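Take a look at the structure set out below.
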Amino acid sequence: MGKAALITGGGKRLGKAISLFLAESGYDIAVHYNHSEKEAKETAELIREKGRQAEIFKSNLSEIQEVRSLIPTVFEVFPECSVLVNSASIFENVGFEDVTEEIFDRDFNTNFKAPFFLSQDFSKGDHSELIINMLDMRINKIETEHFSYNLSKKALRDFTLMAAKELGPKIRVNGICPGPILPPPDKDIHYLEKIAENTPLKKPGNPDYIISAVEYILNNPFVTGQCLFVDGGQHLV
Numbered sequence: 084m085g086k087a088a089l090i091t092g093g094g095k096r097l098g099k100a101i102s103l104f105l106a107e108s109g110y111d112i113a114v115h116y117n118h119s120e121k122e123a124k125e126t127a128e129l130i131r132e133k134g135r136q137a138e139i140f141k142s143n144l145s146e147i148q149e150v151r152s153l154i155p156t157v158f159e160v161f162p163e164c165s166v167l168v169n170s171a172s173i174f175e176n177v178g179f180e181d182v183t184e185e186i187f188d189r190d191f192n193t194n195f196k197a198p199f200f201l202s203q204d205f206s207k208g209d210h211s212e213l214i215i216n217m218l219d220m221r222i223n224k225i226e227t228e229h230f231s232y233n234l235s236k237k238a239l240r241d242f243t244l245m246a247a248k249e250l251g252p253k254i255r256v257n258g259i260c261p262g263p264i265l266p267p268p269d270k271d272i273h274y275l276e277k278i279a280e281n282t283p284l285k286k287p288g289n290p291d292y293i294i295s296a297v298e299y300i301l302n303n304p305f306v307t308g309q310c311l312f313v314d315g316g317q318h319l320v
């Protein structure tokens, strides 16, 4: 049994890109999904084609009982799992006055509470070495359009720093803050290009830039408690 990694939301979008990269880097992959079973199976098959083992794991990250069972289940299949990537998230454009208790709980349960307790359970593993939390460049801004979403990601950023202090030297904890990397499912590349016009680098990104950040964190054992902005400078404006 070789080294392994768990990627939440690992079957699509950035989670898929990270899953495939880690497979290419020699990791067996636990692909987490909730609704996207088809995409998770397709990603797992691509990983197997690369010569690595892959299994899919269903869990609703807004339900704490399912969250608490995910890591033990993954450890049963991949006992040498050493990397956790908290990539799954909910992104909702809801302003302050329109945030309901349901929306608030959904955002915080998925974007903050789940990564918190997944990290807590993961930290008990014998081989656990690295946690990467996918954040958002908005953590550096006072942006109110996505009110509860932004709050949940800001909380996850502070948790990233606190966990890095708490879990060292056994486990390193870092975050990646994407900017205009992928358009929302209902948008196209022109949406990203328009956003990128207002960034210092004035160009949209792509998943390869996120993979470069993952690779840096993965291969530099002296880096912990860092939140890398991969956003063309969007957090500056």
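Take 84 as the starting number for the sequence shown in my numbering and just add one per residue.
Think of the CB as a built atom: it goes at the ideal place given N, C-alpha and C, for glycine as much as any other residue.
As the structure is a computational prediction, the values presented were derived from the model and not from experiment.
Using the beta-carbon count (16 or more within 10 Å), is residue i buried or exposed?
i, result
"Pro263", "buried"
"Glu249", "exposed"
"Ser231", "buried"
"Asn233", "buried"
"His210", "exposed"
"Leu239", "buried"
"Gly288", "buried"
"Gly258", "buried"
"Val320", "exposed"
Starting from residue i, trace the alpha helix (DSSP H) in both directions and tell me its first and last residue.
i, result
"Lys277", "272-279"
"Asn302", "290-302"
"Gly98", "96-107"
"Lys124", "120-132"
"Asp209", "Segment: none, Asp209 is in no alpha helix (DSSP H) and carries neither H nor E."
"Met245", "230-250"
"Ile225", "Taken as a continuous stretch (DSSP letters only), Ile225 belongs to no alpha helix (DSSP H), as it is neither H nor E."
"Thr307", "Thr307 -> no alpha helix (DSSP H), and no H or E assigned at all."
"Phe150", "A small fix is needed here, since residue 150 is Val in this sequence, not Phe. First-last of the alpha helix (DSSP H) with Val150: 147-160."
Return the bridge partner residues of residue i from the DSSP annotation.
i, result
"Asp269", "Note: Asp269 sits in no beta bridge, so no partner."
"Ile139", "Val114"
"Val182", "Bridge partners of Val182: none, in fact."
"Ile90", "Val114, Val168"
"Val313", "Pro261"
Does the ligand SAM have a heavy atom nearer than 7 Å to the CB of residue i?
i, result
"Phe305", "Among the components modelled here there is no ligand, and therefore nothing to report on the ligand SAM."
Thinking C-beta only, is residue j closer than 8 Å to residue i?
i, j, result
"Gly222", "Val168", "As written in the sequence, residue 222 is Ile, which differs from the Gly given in the question. Against a cut-off of 8 Å, the Cβ pair of Val168 and Ile222 comes out as no contact."
"Gly316", "Leu284", "yes"
"Ala123", "Leu105", "no"
"Phe195", "Thr227", "no"
"His318", "Lys224", "yes"
"Arg151", "Phe191", "no"
"Asn176", "His229", "yes"
"Gly308", "Ala247", "yes"
"Lys133", "Glu163", "no"
"Val166", "Leu213", "yes"
"Pro290", "Leu97", "yes"
"Thr193", "Leu144", "yes"
"Asp219", "Pro261", "yes"
"Thr126", "Lys99", "yes"
Beta strand (DSSP E) containing residue i: first to last residue?
i, result
"Arg255", "255-261"
"Leu167", "164-169"
"Leu213", "213-217"
For residue i and chain B, any beta-carbon pair shorter than 8 Å?
i, result
"Ala171", "As a matter of chain content, chain B is missing from the structure shown, which is built from one protein chain."
Exercise. Contact between the region 305-315 and the region 116-127: three or more CB pairs below 8 Å?
Worked result: no
Problem set entry | Stretch pair the region 123-139 + the region 107-114: three plus CB contacts closer than 8 Å | yes
For this session: Report yes or no: do three or more beta-carbon pairs, one from the region 169-178 and one from the region 90-99, lie closer than 8 Å?
Result: yes
Exercise. Counting Cβ pairs closer than 8 Å, one from the region 279-295 and one from the region 236-249, do we hit at least three?
Worked result: no
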